[in-house]
Amino acid sequence: MLSSLHIENVAVIKNADIDFGAGFNVLTGETGAGKSILIDSINLILGAKPSRDLIRSGENEASVSALFSDIAVPLSKAGDSEISPDEDGCLYITRSIDAAGKAKTRIGGKTVPVSMQKDIASCLISIHGQNDNRILMSPAAHLGYLDSYAGNGVLLSEYYGYYELMNDCRRRMNELARDEREKARTVELLKYQIADIDAAKLKAGEEEELTASRDRVKNSERIMKQTRLITKALYRSERSLPAYELVKKAISAMESIADYIPQSEEYIKKLNDVAYTLEDIGLTVEDMSETEYDDPDSELDRIESRLDLISKLERKYGTDIAEILAFRDRAAAELSDIELSDVKISELQVKLAEYERKALELASRLTESRKKAAETLEKSVVSELAYLEMPKVRFRVDIRRSRDADGKTKFTRSGTDDVEFLLSANPGEPLKPLAKIASGGELSRIMLALKSVNAADAVGETLIFDEIDTGVSGKTSQKIGMRLRALAASNQVICVTHSAQIAAEAHHQFLIRKSEHGGRVETTVTELDRTGRISEIARIMGGVNITDKLLDSAAEMLDSAASLPGKQ
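323 is the number that the UniProt record's numbering gives to position 323 of the sequence shown; each next residue is one higher, with no gaps.
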């Protein structure tokens, strides 16, 4: 649930901390007090597009922080994610907006992209308001609700796997069945590229070896002079004793007096090691000094020519020999695919037919599950809407086979069904799509009905209803309030309302109030005690003139709601 919300420098809210409770929470206040700012703030937590217009005048940054607790169940729906609750089972989501309108999100102390924020936050909170209810006008949303009600998650996932395989097969077949003239041009180009690379007979590491050889040839005279000097100094010299001979003499001398010097054996061993090292270096360097180029200029030209060829190939095919050879392998594979395209297309057609068979089988099971669930959903929604003062309503889930332009069965991401909710609010009126007949107030009640009959799917989530009472009577508002309280038995419910009846049903009530401090307008949010709730409910009922009778009526409403089951 949403345990707390901290808002800083958002519009007219300078600093606000709201500690929500479990169950049913309501937010009330006069029109223009700033209730919409709270919804805007929560939308920022959900990943809504940021705007610098939300930053309080005179400030450089706005931020919203939300603390969620007891979220293991809803968070599990977020799929693969590195984000997890802390040791207390809590999770912080913070969103800040700078003066340029850019936002930064941190979840659990980690900076995350907005895509991850939306994925995680949408599993924890859902907002339903006059604008948000417009999603009910989308048949795609209807299909989602039906699948959620039917518990089709596992079946949908299995179907979607084959749907992706079908799309991959079709994509590869389309690539292979390209225009014949384009195919011929591509084959010619690929053959040229392969031959161009093969003619060079490149070897891994060759460029580095050539570069080193070029340096040696350029410095061959100096190398020869210095290596001969090293050889004379270390191992072989006609004019003076080299280091090797001097060490050998030292060994002989040490051996002659070994009986008189402690640790002489160790010294002799170390001197022998030195002699062997000098001999090895001397012979190796002597070989280097004897390596002469018959024609250094010709050898240098050969190396430069080879390096120039490699450089030209790198400009065409990659930054080094490894990339050039990798390019050659890819070109050869593509050439093979094209030359064997007819065979590969046949193979893909066989695979596609098998994937379609399995997908159709799963889609049929989805259709069967949806039709079975639709019967129950229709009855449950009608019952809920009747309770919410729509007694003559008819509600139907229309399920049809998806068809393409040629009238053939069409596979979609969700199966082979088109689903749409149809409604008739009055007797004698035909069933029509929600988009064509439902008013704002009716949409709010339909949304609440759907949430109520499918409450089990949203266990542990925070459901936010923004002015769900718009366009309904006091009696209907009371019933909406009772349904919201019932929904809060398994979820946290937060409702922005102008209805005294809905406010009275809540477990917790918060007053949003606008006031002036130091010439600046500020909005504050305060949780009300019983006395405060009575005064606020009376204000909603009576406006400016709050009489004792109104206060008594408000207290009676609270007492009546408290006496019903589920009151906390």
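Even glycine gets a Cβ: it sits at the ideal position worked out from N, Cα and C.
In this text, all values refer to a predicted model and were calculated from it rather than measured experimentally.
Taking C-beta atoms under 8 Å as the contact rule, residue 338 and residue 367 fail to qualify, at a distance of about 40 Å. Nearest in C-alpha terms to residue 174, of all of 348, 369 and 464, is 348. Taking the Cα positions, residue 407 is about 10 Å away from residue 401. Taking one beta carbon from each stretch, the region 27-41 and the region 522-542 have 3 or more pairs nearer than 8 Å; the two touch.
Residue 205 counts as exposed, since fewer than 16 other C-beta atoms from the protein chains shown sit within 10 angstroms of its C-beta. In the structure shown, the three-state DSSP call for residue 139 is helix. Around the Cβ of residue 247, a 10 Å sphere holds 16 or more other Cβ atoms; the residue is buried.
In the DSSP assignment, residue 25 falls outside any alpha helix (DSSP H) and lies within the beta strand (DSSP E) extending over 24-28.
Residue environment analysis places residue 276 among the exposed positions, since fewer than 16 neighbouring C-beta atoms fall within 10 angstroms of its C-beta. For residue 334, the enclosing alpha helix (DSSP H) has its first and last residue at 321-339. Taking 8 Å as the upper bound for CB-CB distance, residue 443 and residue 146 are not in contact here, some 17 Å apart. The beta carbon of residue 267 sits closer than 8 Å to those of 254 and 261, all from its chain and outside the five residues before and after it, given in chain order. By the C-beta criterion, the region 539-557 is judged to be in contact with the region 495-503, since at least 3 inter-stretch pairs fall below 8 Å. With fewer than 16 other beta carbons inside 10 angstroms of its own, residue 340 counts as exposed. Look at the beta carbons and you see the region 37-50 touching the region 118-127: at least three pairs across the two are nearer than 8 Å. Burial of residue 3 is indicated by the presence of at least 16 other C-beta atoms within 10 angstroms of its C-beta. Residues of the same chain with a CB within less than 7 Å of the CB of residue 17, apart from the 5 flanking positions on each side, are 4 and 6 in chain order. Closest option to residue 110, judged by alpha-carbon separation, among 83, 118 and 120: 83. Shown here, residue 126 sits in a strand according to DSSP, grouped into three states. Going by C-alpha positions, residue 1 is about 13 Å away from residue 120. Our two residues, residue 436 and residue 88, have alpha carbons roughly 48 Å apart in a direct line. Collapsing the DSSP output to three states places residue 264 in a helix. Going by beta carbons, residue 397 and residue 382 fall outside the 8 Å limit. Here the region 184-193 does not lie against the region 368-375, with fewer than 3 beta-carbon pairs under 8 Å apart. With contacts defined by Cβ atoms closer than 8 Å, residue 466 and residue 477 do not form a contacting pair.
About 6 Å separates the CB atoms of residue 460 and residue 70; that is less than 8 Å, so the two are in contact. In this structure, the straight-line span from the alpha carbon of residue 409 to that of residue 415 is close to 10 Å. Taken in chain order, the whole beta strand (DSSP E) runs of length 3 or more contained in the region 154-229 number zero.
Bridge partners of residue 112 according to DSSP: 105. Straight across, the Cα-Cα distance linking residue 391 with residue 450 is about 16 Å. Each of 199, 19, 298 and 158 was checked against the Cα of residue 217, and the nearest Cα belongs to 298. In this structure, the beta-carbon distance from residue 274 to residue 231 does not fall below 8 Å.
Under DSSP, residue 15 forms a beta bridge with 8. Cβ contact annotation for residue 342 (same chain, cutoff 6 Å, sequence separation greater than five): none. Contact annotation: residue 389 and residue 475 have beta-carbon atoms nearer than 8 Å.
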